[in-house]
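Same order as they appear, the protein sequences are chains A and B.
Going by my numbering, 228 is the number at position 228 of the first sequence; the sequence numbering is gapless.
Going by my numbering, 113 is the number at position 113 of the second sequence; the sequence numbering is gapless.
What follows is a set of notes on a single structure, which appears directly below.
Number of protein chains: 2
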Amino acid sequence: MFRLVKVTENALLPALKYTRGMSVATHKEPEKPSIKTAVPGPKTQQLMGELNNLQQAQSVQLFGDYDKCVGNYFVDADGNEFLDAFTQISSVPIGYNHPALLGAFEDKHALKSLINRPALGVFPSADWPSKLKSVLLPVAPRGLDHVSTMMCGSCSNENAYKAVFFWYRTKQRGGKVDFAPEDTDSCMVNQPPGSPDLAIMSFEGSFHGRTFGALTTTRSKPIHKIDCPAFDWPVAPFPRYKYPLHENEAYNNQEDKRCLEQIARIIEERKRSAKPVAGIVVEPIQSEGGDHEASPAFFQNLQQICKRTGVALIVDEVQTGCGPTGKMWAHEHFDLPSPPDLVTFSKKMLTGGYYTSAEFRPAQAYRIFNTWMGDPGKLILLEQVLRVIQQENLLSNVQKTGKVLKNGLNELEKEFSNTINSVRGRGTFLAFNAPTTSLRDKINNDLKKNGVLGGSCGQTAIRLRPALTFREKHAHIYLDTLRKTLKEL
Amino acid sequence: MFRLVKVTENALLPALKYTRGMSVATHKEPEKPSIKTAVPGPKTQQLMGELNNLQQAQSVQLFGDYDKCVGNYFVDADGNEFLDAFTQISSVPIGYNHPALLGAFEDKHALKSLINRPALGVFPSADWPSKLKSVLLPVAPRGLDHVSTMMCGSCSNENAYKAVFFWYRTKQRGGKVDFAPEDTDSCMVNQPPGSPDLAIMSFEGSFHGRTFGALTTTRSKPIHKIDCPAFDWPVAPFPRYKYPLHENEAYNNQEDKRCLEQIARIIEERKRSAKPVAGIVVEPIQSEGGDHEASPAFFQNLQQICKRTGVALIVDEVQTGCGPTGKMWAHEHFDLPSPPDLVTFSKKMLTGGYYTSAEFRPAQAYRIFNTWMGDPGKLILLEQVLRVIQQENLLSNVQKTGKVLKNGLNELEKEFSNTINSVRGRGTFLAFNAPTTSLRDKINNDLKKNGVLGGSCGQTAIRLRPALTFREKHAHIYLDTLRKTLKEL
């Protein structure tokens, strides 16, 4: 299936413009998936045993042969070639072994930035301010001109929460920057007022990460949370829509209303109980929790409640950010009258971090701080990713491919109305439900055996998370394979 | 100062054996520091302004020119060449631009492992189990044969804490693996028993990171903790020794006893109050908090208390691990009768993670889990680092250099007994105190102006954190510069 191709200007892949004089030998995508063994195959099963001796590894599905993965195709250790509609839990922006990424460290300056990893909060490189300006600011959500880099999604959210608590406490101090002795003393023994009884509110079904602060706001599944101490922070309902949307407008509007009322009520209650909500964290589309979406009106009203009650609005774009909904940031779909207060990112952005405004900038140094504060090597790769997104017009591609995929899924849910329903989402960030968890798991597993990798989320959902380079031809392969899978159930 | 040198087998740097056919042009270390401008220089000051427009950046000291940094020398944006005894908050193991690291991604398989970053918990590469076995297991603390990779020190500690809570709750369930409905239900609203009132105890002056779980156990300075909600977890005293050690044995033994009694008392009290301590986290040498050490006897007794009371012992080797004390892991100095339960690492290890045994392996998948679970690119660099440590016998070098440094510091504290005292530490992981914070800051700042980068920690300490490649000649430059600095105060 793979042919080694010496890339020239006539070749299909637009490789040369991404490389700096490198002689790139790359290979083409397969025409279609190709499964040669049982899934998982014998080599994979043997490796699972090996890894499981070193750690709890029962979450592993397949072992990858990353030398052979290409574009939208994942190749496993047994030589099976899968069309990848899950892309490492939605974290591969432009496919495997993209020439732009293979060439990114040809440049010696880039290589040295990678291997001499600085403590960015103390000794950043001379080009770090201009890197932030040229790579991260051009794609910043409108109205947000501050950015801090981090390592992963959890860490990005944890630091956004901290920025919110600092902001809230500064307001409570009437803007006073200095700390009172009762604050500095009590925080050292983890007691108020220095360690205040403030909360970040999140939503039923949300996922914001797995470190203790992030995990407190995660509300997806017990297996994520059980046995871990958690802060006494509140949870609000998030709309649960009926599909198709246009046939359920009244019900869904009522859902928005129900949730918004609860949100406002909890904020008021907490204020009275002296455990106020300082911030709300929300995903534009709840991802791990089951791909639950909410209307632009819901988000506009949510922002209005936040503004009215003095609560910060954190939009967690770790999974939705960097293009998969057809816009750079999913919250751009909501036409918010003003920017969110903080927007966190990771996954397809390759570096973690958050955007915000000067309002949420701590007055003192060393408050948003850790040893590495991100990783310049990831910004070098992100720079290439963003260039490819622009040069190949990938946001348009996502919109176009997404339309084909969603139309196809809509047809399939009519054809197989007993087995799949509730097709939803934006761009290629799509999902549908099965009637039960076990049937969902069987569909996903059979899809894999038929050569397509998809993800599951929530209790009954199958989610699509392809790379931004997923084209119409890939959409058709996905849909054909899903039809075949559903027929054979 | 820099000469471009085409590396040959006769050249000083042992470059060729680390590279795979690469034509390495590298440069030699300067003979000594060279300061050409004010510190910070004009270029640095301009860049500070630029960065500070994008984020709170007042913690930044210097901007680096990482193309020119070499070995133990840090070169800043103004062309000043500093001997680096701080190395990016102790995170650079073998100096800047080491040929072994420059060559690490020449190999195409390594490059593809770097740019095709997998979700290691779901789709690791086929060579991942053997990488863990060949890179991380050979340097595992004796007796620990499980390892999980993470992204940074905070995340490593947070996940170690989770593993401890899982273990503790499983014991409470009498080993039963299944969860009761009251556990799965209550954890979704952050309430016990599903979100249990369990604690990790830490020590006054400790630092374990800045995400909310790690931050609760951090007890170094108010600026790290203030305004952040924290769990109601207890703190115990950590010995505060008098120096020189051999003149203060009785006092210091009493310190050990005082602290151990409190530790045992807190564990008993917490058990009675139904908020039991599940684990204790401890640094072999408290680093950020002021380089406080404790005796092997203290650690042996601490472990004994943990064993007797059913509390897990987590040794946080984020800053002490990977050689700077002259052993791979600092806790090897303590001759513990059995291994610690968990050992966390990051910084010089380049990847985060923790070692443990099968006892702390969760029965279920997806409990110690996140999207990336570390980064194969970091393991590729670590592989080179560990090879260099072995080939260049760097642990011996640390012991030898450390002796020169400590002897020199001991002489200086006699010569300047009004300005520095309490020289302490192991290997090159050394520190001394000034009488006041302001004098400490002045010494550190003057050292920098004289061409030496050092770190501060705690209220009055200056810490040395050179790379493992810091040789006797560097030690002499450090000591000479410190003498000059102290004379000029």
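Yeah, the Cβ is synthetic: ideal placement off N, Cα and C, and Gly gets one too.
In the DSSP assignment, find the alpha helix (DSSP H) that holds Phe-82 of chain B and state where it starts and stops.
No alpha helix (DSSP H) holds Phe-82 of chain B; the beta strand (DSSP E) holding it covers 81-84.
Below 8 angstroms on the Cβ atoms is my contact criterion, and I expect Ser-422 of chain B with Tyr-243 of chain B to pass it. Report the Cβ-Cβ distance as a whole number of Å.
4 angstroms
Thinking just about the alpha-carbon of each residue, which of B:Gly-41, B:Phe-123, B:Gln-390, B:Ala-104 is nearest to the one in Leu-114 of chain B?
B:Ala-104
Anything in the stretch 405-423 of chain A with a Cβ closer than 8 angstroms to a Cβ of chain B? List those residues in chain order, please.
none
Determine which residues share a DSSP beta bridge with Phe-345 of chain A and list them.
A:Gly-353
For Met-349 of chain A, decide whether its Cβ has a neighbour in chain B, counting only Cβ atoms nearer than 8 angstroms.
no
On the three-state DSSP scale, how would you describe Ile-115 of chain A?
helix
Distance between Glu-332 of chain A and Leu-479 of chain A (C-alpha atoms, nearest Å):
28 angstroms
Cβ atoms of Ser-59 of chain A and Gly-121 of chain B: under 8 angstroms apart, would you say?
yes
Comparing the C-beta of Val-24 of chain B with each C-beta of chain A, is any distance below 8 angstroms?
Since pLDDT at Val-24 of chain B reaches only 43, below the 50 mark, its modelled position is unreliable, and no value is offered.
So, helix, strand or coil for His-27 of chain A, using DSSP?
strand
As a quick exercise: from B:Gly-451, B:Phe-416, B:Lys-162, B:Glu-269, pick the residue whose alpha carbon is nearest that of Ala-493 of chain B.
A query on residue 493 of chain B cannot be resolved here, the shown segment of chain B reaching from 1 to 489 and no further.
Given Tyr-241 of chain A as reference, the closest of A:Lys-257, A:Gly-41, A:Asp-185 once Cα atoms are compared
A:Lys-257
Along chain A, in chain order, which residues have C-beta atoms closer than 8 angstroms to that of Ser-357 of chain B?
Ordered by position in chain A, no residue passes the 8 angstroms Cβ test against Ser-357 of chain B, which lies about 11 angstroms from the chain.
So if DSSP puts Phe-203 of chain A in a beta bridge, which residue, or which two residues, is it bridged to?
A:Ala-236
To which residues of the same chain is Glu-204 of chain A closer than 6 angstroms at the C-beta, ignoring the five residues directly before and after it?
Arg-219, Val-235, Pro-237, Phe-238
For Glu-288 of chain A, which three-state DSSP category applies?
coil
Which residues of chain B have a Cβ atom closer than 7 angstroms to the Cβ of Lys-162 of chain A, listed in chain order?
Cys-228
Please report how far the alpha carbon of Lys-176 of chain B lies from the alpha carbon of Gln-364 of chain B, in whole angstroms.
12 angstroms
Checking the sheet assignment: what are the DSSP bridge partners for Arg-463 of chain B?
B:Ala-431, B:Gly-455
Arg-426 of chain A bridges to which residues according to DSSP?
A:Phe-429
Under 8 angstroms between the Cβ atoms of Pro-340 of chain B and Ile-368 of chain B?
no
Short of 6 angstroms in beta carbon distance, which residues of its chain neighbour Trp-329 of chain A, apart from the five on each side in sequence? Order them along the chain.
Pro-141, Glu-317, Gly-321
Inter-stretch contact (C-beta, 8 angstroms, three-pair minimum) for the stretch 184-197 of chain A and the stretch 207-222 of chain A
no
Residues of the stretch 92-103 of chain A with a CB closer than 7 angstroms to any CB of chain B: list them in chain order, please.
Tyr-96, Asn-97, Leu-101, Leu-102
Measure the Cβ-Cβ separation of Met-201 of chain A and Val-277 of chain A and say whether it is below 8 angstroms.
yes
Whether Cys-228 of chain B touches Asn-370 of chain A by CB criterion (8 angstroms)
no
Boundaries of the alpha helix (DSSP H) in which His-476 of chain B is found, first to last residue
472-488
If you reduce the DSSP assignment to three classes, tell me which class Ser-125 of chain A lands in.
strand
Name the chain A residues whose beta carbon is nearer than 7 angstroms to that of Pro-490 of chain B?
The question about residue 490 of chain B has no answer, for chain B in this structure spans 1 to 489.
Which of the three DSSP states, helix, strand or coil, is assigned to Val-135 of chain B?
helix
Who are Asn-64 of chain A's beta bridge partners in DSSP?
One point to set straight first is that residue 64 of chain A is Gly, not Asn, in the sequence displayed. The partner list for Gly-64 of chain A (beta bridge, DSSP) reads A:Asp-76, B:Ser-125.
Since Tyr-366 of chain B meets chain A, which of its residues come closer than 7 angstroms, beta carbon to beta carbon?
Ser-59, Ile-223
With a threshold of 16 other CB atoms inside 10 Å of the CB of Thr-436 of chain A, please say whether the residue is buried or exposed.
exposed
Provide the residue(s) that pair with Tyr-96 of chain A in DSSP beta bridges, ordered along the chain.
A:Gly-71
Can you confirm whether Leu-111 of chain B, when its beta carbon is compared against all beta carbons of chain C, has any partner nearer than 8 angstroms?
The structure shown contains no chain C; its protein chains are A and B.
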